[in-house]
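Everything below concerns the one structure shown next.
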Amino acid sequence: MDHHKAPPKKQGEYVPSKLLLPLSLGVSSSVLLHILDGQLQRHIANPHGRVPYQLHVLVVEPSIISPGNSSYDSNFEELQKTFPTHAFTRLPFHSVFEFVPDMKDLILEYAGSRFADDSSQTDAARLAAFRACVPSATSKDDLDYVLLTRLVVAFAKHAGCEAILWGDSDTRLAAKTLAGAAKGRGASLTWQVSDGMSPWGVRFEFPLRDINKSELKQYESVCSELPNIVVPDPPIPENVLTKNLSIDELMMRYVETQGAKYPGVMANVSRTANKLQPAGSDDSAGCALCGSLVGNVKGNTGITVSSQFGAGKSQSSQFCYGCSRSRPEVIS
3 MDHHKAPPKK QGEYVPSKLL LPLSLGVSSS VLLHILDGQL QRHIANPHGR
53 VPYQLHVLVV EPSIISPGNS SYDSNFEELQ KTFPTHAFTR LPFHSVFEFV
103 PDMKDLILEY AGSRFADDSS QTDAARLAAF RACVPSATSK DDLDYVLLTR
153 LVVAFAKHAG CEAILWGDSD TRLAAKTLAG AAKGRGASLT WQVSDGMSPW
203 GVRFEFPLRD INKSELKQYE SVCSELPNIV VPDPPIPENV LTKNLSIDEL
253 MMRYVETQGA KYPGVMANVS RTANKLQPAG SDDSAGCALC GSLVGNVKGN
303 TGITVSSQFG AGKSQSSQFC YGCSRSRPEV IS
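Numbered according to this note's numbering, the sequence shown spans residues 3 to 334.
Put into structure tokens, the structure is as follows:
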């Protein structure tokens with residue numbers, strides 16, 4: 003496993019910006035890679051031009067999150083064969099402990115008495131045990147997203163990348179906006195769905211923000227390179243009870259079905275969120291887990307966090323409202 007540590011720049015030497023593309027092997031991020039590769043190949047073919055940026059592709063193994071899709075070996079091999087000019091790194095999800103060293107202490111504080119960490123176990127087993135202590139589907143999805151974001155950001159900084167190019171479509175951004183508001187994470191939408199600086203000093207960019215998922219599927223259907231790379235979405239079971247779905251899953255289903263009928267309305271969801279201004283200031287307290295604002299600090303116009311969530315269920319001062327709501331001791 004090559005982590006591709008960025009070499010230092012020499013004085014006066016032109017070095018293209020390095021950008022990170024997290025690739026889920028889904029249709030959206032795969033189409034984005036194809037588009038960016040085509041752009042870069044045109045620059046490379048021009049003998050008088052400069053390559054504007056370098057692309058580093060990161061694939062995080064989904065085996066812990068989606069046990070049914072535990073091996074993407076053939077897709078990853080095809081990916082490297084199809085786009086040989088880019089750097090690729092493949093990481094297991096549990097490598098968040100390696101790239102974010104304080105994460106093991108954070109999850110202990112986050113889980114409280116519901117989780118007993120066993121340092122003799124492998125990182126994969128420890129992460130699986132931690133996830134198992136979160137009983138709610140919504141909280142588990144929420145936690146997975148936070149940990150994945152932290153891993154991607156930490157790797158981007160490790161590799162010397164200036165920005166992260168997320169492959170979220172307009173459909174995905176609309177679902178994230180609605181789910182984020184429902185989960186008490188409205189204050190973090192300014193960087194979760196909008197172009198700009200993240201709390202960790204790495205820019206987030208969403209190049210596909212004006213393209214919906216159905217349009218990306220049409221692109222894939224006429225692109226001969228992508229069928230052996232893209233992992234199809236699992237079929238949606240019709241007999242799954244709504245109460246067993248997470249808020250994220252519910253919002254994605256809602257946006258996909260309603261977006262087919264009212265594409266303009268769904269597009270306005272993420273565009274409205276994109277107009278929001280970040281709350282707080284540079285010295286505002288940030289959540290130790292997800293980076294969002296903590297409490298009712300000066301300049302924060304978001305939700306004021308109560309000190310208690312019920313009898314004996316107190317909020318830790320280092321977690322934001324969204325993270326505090328999903329802690330096992332709070333939702334149990």
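Quick reminder that beta carbons are idealized off the backbone N, C-alpha and C, glycines included.
Which partner residues does Phe90 have in the DSSP bridge list? Bridge partners of Phe90: Val59.
Separation of Val98 from Ala127, as counted between CA atoms: 13 Å
Using the DSSP secondary-structure output, state which residues sit across from Arg205 in a beta bridge. Ala165, Met199, per the DSSP bridge assignment.
DSSP three-state label for Gly261, please. helix
May I ask you to verify whether the stretch 91-109 touches the stretch 243-259, counting CB pairs closer than 8 Å and requiring at least 3? These segments do not touch.
Give the list of continuous alpha helix (DSSP H) stretches no shorter than 4 residues that lie fully inside the stretch 109-145. 125-134
Thinking Ser31 and Gly198 are a contact (beta carbons under 8 Å), I'd like their distance in whole angstroms, please. Contact flag wrong, Cβ pair sits at about 20 Å.
Am I right that Ala165 and Val204 are in contact with their C-beta atoms under 8 Å? What's the rounded C-beta distance? 6 Å
What's the C-alpha gap between Gly114 and Pro330? 7 Å
Using three-state DSSP, classify Pro24 as helix, strand or coil. strand
If you compare alpha carbons, which of Leu291, Ser326, Arg327 is closest to Thr151? Among Leu291, Ser326, Arg327, the Cα nearest to that of Thr151 belongs to Leu291.
Continuous alpha helix (DSSP H) stretch holding His36: start and end: 29-47
Does the beta-carbon distance from Arg211 to Leu167 come in below 8 Å? no
Compare the C-alpha of Tyr221 against each of Gly182, Ser171, Ala189 and name the closest. Ser171
Here's the rule I'm using: 16 or more other beta-carbon atoms within 10 Å means buried, otherwise exposed. How should Gly266 be labelled? exposed
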